[in-house]
Amino acid sequence: YERTTEPLVLDDEHEAEREAEEENLATGPDRVTATNLNLASRKTVTAEKAAELLLECLEVGGEYRMAVADSERAGQPPPTVPAIMAAFKAKSADDYLMEVIKRIKASDLEDTLLLLPYTSVCELLPLL
1 YERTTEPLVL DDEHEAEREA EEENLATGPD RVTATNLNLA SRKTVTAEKA
51 AELLLECLEV GGEYRMAVAD SERAGQPPPT VPAIMAAFKA KSADDYLMEV
101 IKRIKASDLE DTLLLLPYTS VCELLPLL
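Just so we're aligned, residue 1 is where the sequence shown starts under the UniProt record's numbering, counting upward by one.
See the structure below:
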């Protein structure tokens with residue numbers, strides 16, 4: 001290290017290091033999959049975030065569907081929509097799922113679906 005008169009802003013340094021580390025984790029050369037499988041060759045940050053959002057959607061939507069079914073069996077009014085669903089302006093779990101899928105870029109959709117666990121894909125397919 002050399003001493004300079006330029007002021008050092010630690011937040012900028014930490015942010016640059018964090019971004020470089022995040023990019024390396026998501027798309028580093030060690031993340032390449034076998035080429036003969038025709039799978040996504042690299043994970044992207046946006047595809048990973050979209051997969052997390054879709055997994056959360058499946059979890060929240062499933063819980064809400066169960067709560068609605070329980071309230072119908074008990075003859076009670078339907079429960080209030082969870083906050084995350086209200087943020088997406090969804091009135092039902094199906095609306096919420098469609099809103100989440102609409103927000104995934106078409107270029108990232110295939111990678112997103114490939115990142116999902118098999119059980120989640122099995123849960124997602126009947127809902128489509």
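Even for Gly, the Cβ is constructed at its ideal location relative to N, Cα and C.
In its own chain, which residues sit with a C-beta less than 8 Å from the C-beta of alanine 34, not counting the 5 before and 5 after it?
For the purposes of this step, residue 34 is taken as the residue at position 34 of the sequence shown. For alanine 34, the predicted structure reports a pLDDT of 47, less than 50, and the residue's modelled location is therefore unreliable. A value from the coordinates is still provided. Residues of the same chain with their beta carbon placed closer than 8 Å to that of alanine 34 are lacking, with the five preceding and five following residues left out of the count.
Tell me the residue span of the alpha helix (DSSP H) that contains lysine 102.
Against the sequence shown, residue 102 aligns to sequence position 102. From DSSP, the alpha helix (DSSP H) with lysine 102 extends over 93-102.
Please report the residue range of the alpha helix (DSSP H) in which lysine 49 lies.
Position 49 of the sequence shown holds residue 49. Per DSSP, lysine 49 belongs to the alpha helix (DSSP H) from 45-74.
For a test of the three-state rule: what should DSSP assign to arginine 18, helix, strand or coil?
Residue mapping note: residue 18 aligns to position 18 of the sequence shown, counting from 1. In this structure, arginine 18 counts as helix in the three-state DSSP scheme.
CA nearest to the CA of valine 100, picked from Glu56, Asp70, Ala16 and Thr5:
As a position in the sequence shown, residue 100 is number 100, starting the count at 1. It is Glu56 whose Cα lies nearest to the Cα of valine 100.
For the putative contact between valine 60 and methionine 85, defined by C-beta atoms under 8 Å, what is the C-beta separation to the nearest angstrom?
Position 60 of the sequence shown holds residue 60. Position 85 of the sequence shown holds residue 85. That belief holds up - the Cβ atoms of valine 60 and methionine 85 are roughly 7 Å apart, short of 8 Å.
Go to threonine 112, then tell me how far its alpha helix (DSSP H) extends in each direction, as first and last residue.
Your numbering for residue 112 matches position 112 in the sequence shown. Looking at the DSSP string, the run of the alpha helix (DSSP H) that includes threonine 112 is 106-115.
Starting from the C-beta of serine 120, find all residues in its chain whose C-beta is less than 8 Å away, skip the five residues before and the five after it, and write them out in chain order.
Numbered from 1 along the sequence shown, position 120 holds the residue referred to as residue 120. Answer for serine 120: Leu54, Leu55 and Leu58, listed in chain order.
Just how far apart, CA to CA, sit glutamate 2 and glutamate 13?
Within the sequence shown, numbered from 1, the residue matching residue 2 stands at position 2. Within the sequence shown, numbered from 1, the residue matching residue 13 stands at position 13. Approximately 16 Å between the Cα atoms of the pair.
Pull up the distance between the alpha-carbon of alanine 83 and that of aspartate 94, whole angstroms please.
By 1-based counting over the sequence shown, the position of residue 83 is 83. By 1-based counting over the sequence shown, the position of residue 94 is 94. Roughly 15 Å between the two C-alpha positions.
Report buried or exposed for leucine 125, applying the criterion of at least 16 other Cβ atoms within 10 angstroms of its Cβ.
Along the sequence shown, one-based indexing puts residue 125 at 125. Exposed, since its Cβ has fewer than 16 Cβ neighbours within 10 Å.
Simplified DSSP state of alanine 83, which is helix, strand or coil
Here residue 83 refers to the residue found at position 83 of the sequence shown. Alanine 83 falls in the helix class under three-state DSSP.
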